[in-house]
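Following: one structure in structure tokens, then a few remarks.
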Amino acid sequence: DAKTTQPPSMDCAEGRAANLPCNHSTISGNEYVYWYRQIHSQGPQYIIHGLKNNETNEMASLIITEDRKSSTLILPHATLRDTAVYYCIVRVGTGRRALTFGSGTRLQVQP
Amino acid sequence: DGGITQSPKYLFRKEGQNVTLSCEQNLNHDAMYWYRQDPGQGLRLIYYSQIVNDFQKGDIAEGYSVSREKKESFPLTVTSAQKNPTAFYLCASSIDGDTEAFFGQGTRLTVV
Numbered sequence: 198d199a200k201t202t203q204p205p206s207m208d209c210a211e212g213r214a215a216n217l218p219c220n221h222s223t224i225s226g227n228e229y230v231y232w233y234r235q236i237h238s239q240g241p242q243y244i245i246h247g248l249k250n251n252e253t254n255e256m257a258s259l260i261i262t263e264d265r266k267s268s269t270l271i272l273p274h275a276t277l278r279d280t281a282v283y284y285c286i287v288r289v290g291t292g293r294r295a296l297t298f299g300s301g302t303r304l305q306v307q308p
Numbered sequence: 174d175g176g177i178t179q180s181p182k183y184l185f186r187k188e189g190q191n192v193t194l195s196c197e198q199n200l201n202h203d204a205m206y207w208y209r210q211d212p213g214q215g216l217r218l219i220y221y222s223q224i225v226n227d228f229q230k231g232d233i234a235e236g237y238s239v240s241r242e243k244k245e246s247f248p249l250t251v252t253s254a255q256k257n258p259t260a261f262y263l264c265a266s267s268i269d270g271d272t273e274a275f276f277g278q279g280t281r282l283t284v285v
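Chains as they are written, first to last, in the working numbering: chain A, 198 to 308; chain B, 174 to 285.
Below is the structure:
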């Protein structure tokens, strides 16, 4: 699976959009981009995933660049409950079907 | 409620004792996983199972064992061979391994 690079920490004001970047420059054509988050001392929670096209669900939007070497997770209106560690994971669709987690980005939403 | 249940939430054991962590899911998922998390770090894969009666070693399998006799259950045994067993252990499942994974709330194991 391709390696990902994320900033270790970010701050965001409550009510503003949180934009979390992820670099995956070695991604290959059959690898998906997944985002999970982990609130302190809880199990990770799935947020969204995509292959090429931008994706949106009730939690967030995922923007993948045309060359697929980077992506951005957007939380449109961050709340205090969005304070968590956010993991960007790149994974092939078949083969070893387990997620490989990096260190993630610690997002602190400020009141 | 459908979901993944890990028990207990906190577990204490003496050094040298084997201990088994429970993971049960009622989501009818084929794939199940065990991860370990140390303070301030990401999750590391211990074992995973794509189907009943089959499992594969992950990145840090040494000192751990698993079984998958039933679809809904994937217990993890931390043996005395595991040098640093104190950690937060997370179990997950997914429909077939290709879709998103759902995680339990974890078991925090402390070995003294």
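We put the CB at the ideal spot given by N, CA and C, even for glycine.
On a predicted model such as this, the values are computed, not experimentally measured, just so you know.
Test item: CB-CB of residue i and residue j under 9 Å
i, j, result
"B/G277", "B/G176", "yes"
"A/I236", "A/T280", "yes"
"A/P205", "A/T302", "yes"
"B/T250", "B/Y262", "no"
"B/A260", "B/M205", "no"
"A/L272", "A/A214", "yes"
"B/D269", "B/Q198", "no"
"B/S141", "B/E188", "No answer is possible for residue 141 of chain B: it lies beyond the span of chain B, which begins at 174 and ends at 285."
Sheet register partners of residue i (DSSP bridge)
i, result
"B/V284", "B/R186"
"A/R288", "A/Y229"
"B/M205", "B/S222, B/S266"
"A/H274", "DSSP output for A/H274 lists no bridge partner at all."
"A/D264", "Answer is none; A/D264 lacks a bridge partner."
"B/D211", "The partner list for B/D211 (beta bridge, DSSP) is empty, contrary to what the question assumes."
"B/F275", "B/S266"
CA-to-CA distance, residue j to residue i, given in whole angstroms
i, j, result
"B/V225", "A/I261", "36 Å"
"B/R241", "B/T283", "25 Å"
"B/R186", "B/G236", "15 Å"
"B/F247", "A/T276", "35 Å"
"A/E252", "A/L270", "10 Å"
"A/R288", "B/Q229", "17 Å"
"A/V282", "B/D227", "32 Å"
"A/T201", "A/Y284", "9 Å"
"B/S238", "A/S300", "25 Å"
"A/N220", "A/A257", "18 Å"
"A/A210", "A/Y231", "24 Å"
"B/V285", "B/N191", "13 Å"
"B/L200", "B/W207", "16 Å"
"A/F298", "B/D232", "11 Å"
"A/L296", "B/D203", "15 Å"
"A/D208", "B/Q179", "32 Å"
"B/A274", "A/Q239", "14 Å"
"A/Y229", "A/P218", "16 Å"
"A/Q307", "B/G213", "21 Å"
"A/R278", "B/K244", "34 Å"
"A/L248", "B/L194", "35 Å"
"A/E255", "B/K256", "43 Å"
"A/N250", "A/G212", "26 Å"
| task | State whether the stretch 264-273 of chain A contacts the stretch 217-225 of chain A, with contact taken as three or more CB pairs (one from each stretch) at a distance under 8 Å. | result | Result yes; three or more Cβ-Cβ pairs closer than 8 Å.
| Chain-ordered residues of the stretch 226-255 of chain B with a beta carbon less than 7 Å from chain A | Taking a C-beta cut-off of 7 Å against chain A, the contacting residues of the stretch 226-255 of chain B are G231, listed in chain order.
| field | Where the stretch 258-273 of chain A meets chain B: residues whose CB sits under 7 Å from a CB there | value | Within the stretch 258-273 of chain A, no residue qualifies.
| field | Positions along the stretch 182-210 of chain B whose CB lies within less than 9 Å of some CB in chain A | value | Within the stretch 182-210 of chain B, those residues whose Cβ lies closer than 9 Å to any Cβ of chain A are, in chain order, A204, Y206, Y208, Q210.
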